[in-house]
Amino acid sequence: MQQWLSWQWTRNGWMAFGLYLLLGIAGLKLGLPAFHHAILPAMLACGLIGWWLNYRRYRLIADTPTARAASAALGHVELYGVAANHDSAVNYSPYSGRRCVWYRCWRYHNDRQAIGSGRILDPLSLDSASLLSIPECSDQSFVLQDGKQTVIIHPEGAEVQSPHRESWQEGKETLVEEWIDEGDPLYVLGQLSSHGGIRPDQQAFRQDVGAKLSEWKQDQPALLRRFDLDGSGQISEQEWLLVRAAAEREVRQLHQQLASTPPTLHVRQPEDGKPFLINTLPPQRVASCYRWRAWLHALAALLSFLAWLHGGIAG
24 MQQWLSWQWT
34 RNGWMAFGLY
44 LLLGIAGLKL
54 GLPAFHHAIL
64 PAMLACGLIG
74 WWLNYRRYRL
84 IADTPTARAA
94 SAALGHVELY
104 GVAANHDSAV
114 NYSPYSGRRC
124 VWYRCWRYHN
134 DRQAIGSGRI
144 LDPLSLDSAS
154 LLSIPECSDQ
164 SFVLQDGKQT
174 VIIHPEGAEV
184 QSPHRESWQE
194 GKETLVEEWI
204 DEGDPLYVLG
214 QLSSHGGIRP
224 DQQAFRQDVG
234 AKLSEWKQDQ
244 PALLRRFDLD
254 GSGQISEQEW
264 LLVRAAAERE
274 VRQLHQQLAS
284 TPPTLHVRQP
294 EDGKPFLINT
304 LPPQRVASCY
314 RWRAWLHALA
324 ALLSFLAWLH
334 GGIAG
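Throughout the sequence shown, residue numbering follows the working numbering, covering 24 to 338 in sequence.
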């Protein structure tokens, strides 16, 4: 819930600023006393929240240098490259079937005013009766290409701002798709990790051997069939040495395979709660968007405070 609320205050399209307009309209209908005592404090609170969330993200992006994938340090990282599908796993949007690397889609009952104006209704502006399906987001991984280096992006939990959107009518329904295309520029801010290409140490080897032995002990019939050489119905001390040697042999082979596997880089949602952002703007534009939104929210908070203060003095 906290991530969802944060996303609404910082998302692209300046939708959060529509809240000030809604509050203003509500205040005009409720009258001047309610506007002063309730609406203006609400606008002030919204402005401060919007400023803080956007400014915090601006500082995070501005303070995180854009790294080259080939030399990026593991941990929180900012990458910029080109979006691509896996060679053997191409992503397709479910409504139109278009080839893309990521999609978000939803459907709703046709709205005559929206159709007449050519406006596409966002899921957040639709009530449960109009929205026919929960917005479906792609969680299939795709690739960021930075020169010869590739990084696998796992978009689950990311705040994605897509550059493409299309809608069409099917009977009494409107279908909407947003997507990131192959070849689009790709900006990612998230947690970078590496898999494969690392030889486990002795402590990891002992732990894996212990886990293998525990796994075998859980299936006593199979353990006896394999290692009960004298048919006594139990594993003797000498037979247990064979069991342990077999477990060490299997774990050693597995570790050798892991060490020989070329390392791959992966970006996921950070575990420390920091934002996980994916869009197609250059890093400087991303930071600039959050900075401008932060100060516009601050301006809204300031104007609300001055109006509230003036109303209090006048009253």
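Virtual Cβ for every residue (Gly too), placed ideally from N, Cα, C.
Who are the near neighbours of residue i in its chain, counting only those whose CB is closer than 8 Å to its CB and skipping five residues on each side?
| i | result |
| --- | --- |
| residue 247 | 256, 257, 258 |
| residue 96 | 90, 215 |
| residue 270 | 232, 235, 236, 239 |
| residue 245 | 239 |
| residue 81 | 310, 313, 314, 317 |
| residue 217 | 97, 286, 287, 288, 289 |
Is DSSP giving residue i helix, strand or coil here?
| i | result |
| --- | --- |
| residue 179 | coil |
| residue 323 | helix |
| residue 138 | Per-residue confidence for residue 138 stands at a pLDDT of 45, beneath the threshold of 50, marking its modelled position as unreliable; the derived number appears in the next sentence. Three-state DSSP puts residue 138 in a helix. |
| residue 273 | helix |
| residue 122 | strand |
| residue 43 | helix |
| residue 91 | coil |
| residue 106 | strand |
| residue 165 | strand |
| residue 212 | strand |
| residue 98 | strand |
| residue 241 | coil |
| residue 189 | strand |
| residue 311 | helix |
| residue 77 | helix |
| residue 252 | coil |
| residue 261 | helix |
| residue 246 | helix |
| residue 304 | coil |
| residue 230 | helix |
| residue 184 | strand |
| residue 292 | coil |
| residue 147 | Here residue 147 scores only 48 on pLDDT, less than 50, and its place in the model is too uncertain to base an answer on. |
Going by beta carbon distance, what residues of the same chain come within less than 7 Å of residue i, once the five residues before and after it are set aside?
| i | result |
| --- | --- |
| residue 331 | 59, 63, 64, 67 |
| residue 104 | 92, 167, 168, 169, 209 |
| residue 78 | 317 |
| residue 46 | 62, 65, 66 |
| residue 293 | 99, 213, 214, 299 |
| residue 118 | 128, 198, 200 |
In whole angstroms, give me the CA-to-CA distance for residue i and residue j.
| i | j | result |
| --- | --- | --- |
| residue 288 | residue 203 | 21 Å |
| residue 172 | residue 71 | 41 Å |
| residue 231 | residue 278 | 10 Å |
| residue 43 | residue 73 | 11 Å |
| residue 136 | residue 213 | With a pLDDT of 46 at residue 136, under the threshold of 50, the modelled position of this residue cannot be trusted; read the value that follows with caution. Approximately 39 Å between the Cα atoms of the pair. |
| residue 264 | residue 281 | 26 Å |
| residue 177 | residue 158 | 18 Å |
| residue 141 | residue 286 | The predicted model places residue 141 with a pLDDT of 48, which falls under 50 and marks its position as unreliable; any figure quoted below should be read in that light. Each residue's alpha carbon lies about 48 Å from the other. |
| residue 194 | residue 120 | 19 Å |
| residue 87 | residue 115 | 32 Å |
| residue 320 | residue 183 | 22 Å |
| residue 308 | residue 322 | 21 Å |
| residue 243 | residue 161 | 43 Å |
| residue 253 | residue 272 | 22 Å |
| residue 147 | residue 94 | The predicted position of residue 147 is uncertain, since its pLDDT is 48 and thus under 50; a value taken from the coordinates is nonetheless stated next. So the two alpha carbons sit approximately 40 Å from each other. |
| residue 249 | residue 225 | 27 Å |
| residue 41 | residue 328 | 18 Å |
| residue 339 | residue 303 | With the chain running from 24 to 338 in the structure shown, residue 339 is simply not present. |
| residue 333 | residue 51 | 17 Å |
Do residue j and residue i count as a contact pair if the criterion is CB distance below 9 Å?
| i | j | result |
| --- | --- | --- |
| residue 274 | residue 235 | yes |
| residue 324 | residue 123 | no |
| residue 211 | residue 174 | yes |
| residue 102 | residue 290 | yes |
| residue 85 | residue 314 | yes |
| residue 206 | residue 107 | yes |
| residue 260 | residue 251 | no |
| residue 306 | residue 83 | no |
| residue 131 | residue 196 | yes |
| residue 165 | residue 99 | no |
| residue 181 | residue 301 | yes |
| residue 61 | residue 53 | yes |
Within a Cβ cutoff of 6 Å, which residues of the same chain sit near residue i, ignoring the five residues on either side of it in sequence?
| i | result |
| --- | --- |
| residue 201 | 127, 185, 188 |
| residue 229 | none |
| residue 163 | 114 |
Tell me the DSSP bridge mates of residue i?
| i | result |
| --- | --- |
| residue 112 | 109 |
| residue 198 | 130, 191 |
| residue 172 | 169 |
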